[in-house]
Amino acid sequence: MSLPVAVLASGSGSNLQAILDYQATLDAPPWRVELVISDQEDARALERGRRSGIRSRFLQVAGRPSGDVAGETLDLLRSADIGLIALAGYLRLIPADVVGAFRERMVNIHPALLPAFGGKGMYGMRVHEAVLASGARVTGPTVHFVDEEYDRGPIIAQWPVPVRAGDAPHVLAARVLRVEHLLYPRVVDHLGRALARGCRPTPFSPPGTVFLADSRTVADVERAIAAGFVDGIAPALRATEQRT
Ligand code: GAR
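So the sequence shown is residues 12 to 255, counted in my numbering.
Following this line, the structure appears as C-alpha cells:
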C-alpha cells in the first residue's frame, strides 16, 4: 500500500508538477499524490491535478473563520487517508488544528535560505526582491516541516543557488525554481518512503544550517538527503528541534 500524499498549492503548481513527474519515474511508488487542494478556484495547480486524474478540490479560505477552514481541511485530508502533506506555493497560514494533526508530516518549500527572507508576506517575487536588495551572494530553496508560523518549522533541506551580478528578480526566481523542482520531489520521496514504512523521519542537522552547502550535483543532494534521514526519533535531533 502506498502512502497517500496531499499537495496544497495557491498558484501555478510547478512544484506539484515536479512531484508528479518524479512519482511517475518510480517503480511501485511507496507514496502517491492522492489529493490536491487550493484556496484559489482558478489555480493552475488544480488543473494540473485534474489532468493527472487526481482528486483536486478548491477550498474556500478567504473570509471564513479559521476553525471552519480547519474542519473542512481535516475532513478532506482524512477522507483520502492522507499521511503526508506538501505545501507547494500555498500562501495561507495552515490552521493550528491541522498543524497539530500533521506535525512532522507536513512540509513546505520556500524560495530562500530560511531563516532569512521568510515570514508573513514573504512569498514569490517579494522574496527574491528582498534577497537582491540585501546584497546576498547566495540564495536557494529551503524545505522545512510546517509549524504554527509562516516559514518557521525545523529545516529539512536547503540547496544553495548563486546570486549573480545584475540579476533581475524574475531571473533569480527562475534559477531558484529550477532547483526547487529537483530538491522538493526528492525530499517528499524520502519522507514518503519513511512514513510508508511507519517510521518518523527527522531533519538531519540543527535548523539554521545550510546542510547541502557543499552539494553541487543532484547526486550529491540525493546522497545528503538519503544519509540524513533517520528512522525513528534520534533524541539529540529531537532536542534540537524542540529548542527552536
Ligand atoms: C515557489 O517558488 C515556492 O517556493 C514559493 O512559491 C512558488 C510557487 O511556485 N513559495 C513561497 O514563497 C512560500 N512562502 P509553483 O506554484 O510554480 O510551485
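Positions of the beta carbon are idealized from the N, C-alpha and C atoms, including for glycine.
Distance, Cα to Cα, residue i vs residue j?
i    : j    : result
A107 : S77  : 9 Å
R89  : M12  : 16 Å
T220 : N26  : Because the pLDDT at T220 is just 41, under 50, the model does not fix this residue reliably, and the point stays unresolved.
Y195 : I120 : 7 Å
I273 : L102 : Look at the range of the chain in this structure, 12 to 255, and you will see that residue 273 is not part of it.
R175 : E191 : 18 Å
D158 : V229 : 28 Å
M117 : L202 : 10 Å
A29  : R204 : 17 Å
R163 : G82  : 23 Å
D38  : D200 : 12 Å
V18  : T150 : 24 Å
Skipping 5 residues on each side, what residues in its chain have a beta carbon closer than 8 Å to that of residue i?
i    : result
H181 : M136 and H139
G177 : none
A185 : none
Give the range of the alpha helix (DSSP H) segment to which residue i is assigned.
i    : result
V190 : P180 to A207
T267 : Since the displayed the chain opens at 12 and closes at 255, residue 267 lies outside it and no answer follows.
R62  : R55 to R62
A144 : M136 to S145
A127 : A127 -> no alpha helix (DSSP H), and no H or E assigned at all.
A112 : A107 to A112
To which residues of the same chain is residue i closer than 6 Å at the C-beta, ignoring the five residues directly before and after it?
i    : result
D92  : P15
G24  : R55, A56 and R59
T84  : V109
M133 : none
Hey, could you find the ends of the beta strand (DSSP E) residue i is sitting in?
i    : result
V118 : M117 to H121
V257 : Nothing about residue 257 can be read from this structure; the chain reaches only from 12 to 255.
R256 : Here the chain covers residues 12 to 255 and nothing more, so residue 256 does not appear.
I96  : L95 to L98
If I'm right that residue i touches residue j with Cβ under 8 Å, what's the distance once you round it to whole angstroms?
i   : j   : result
L46 : L87 : 7 Å
Kindly list the residues whose CB is nearer than 7 Å to the CB of residue i, restricted to its own chain and excluding five residues on each side of it in sequence; keep chain order.
i    : result
L57  : V47, S49, S67 and F69
F128 : V138, A141 and V142
Q34  : P40, R43 and V44
L104 : Y161
Could you check if residue i belongs to the surroundings of the ligand HEM, using beta carbon to heavy atom distance under 6 Å?
i   : result
I96 : Within the structure as shown, the ligand HEM is missing, the only ligands being the ligand GAR.
Practice prompt. Only counting runs of 4 or more residues, tell me where the alpha helix (DSSP H) segments fall wholly within the segment 13-52, in order along the chain.
Written response: Listed in chain order, they are 25-35.
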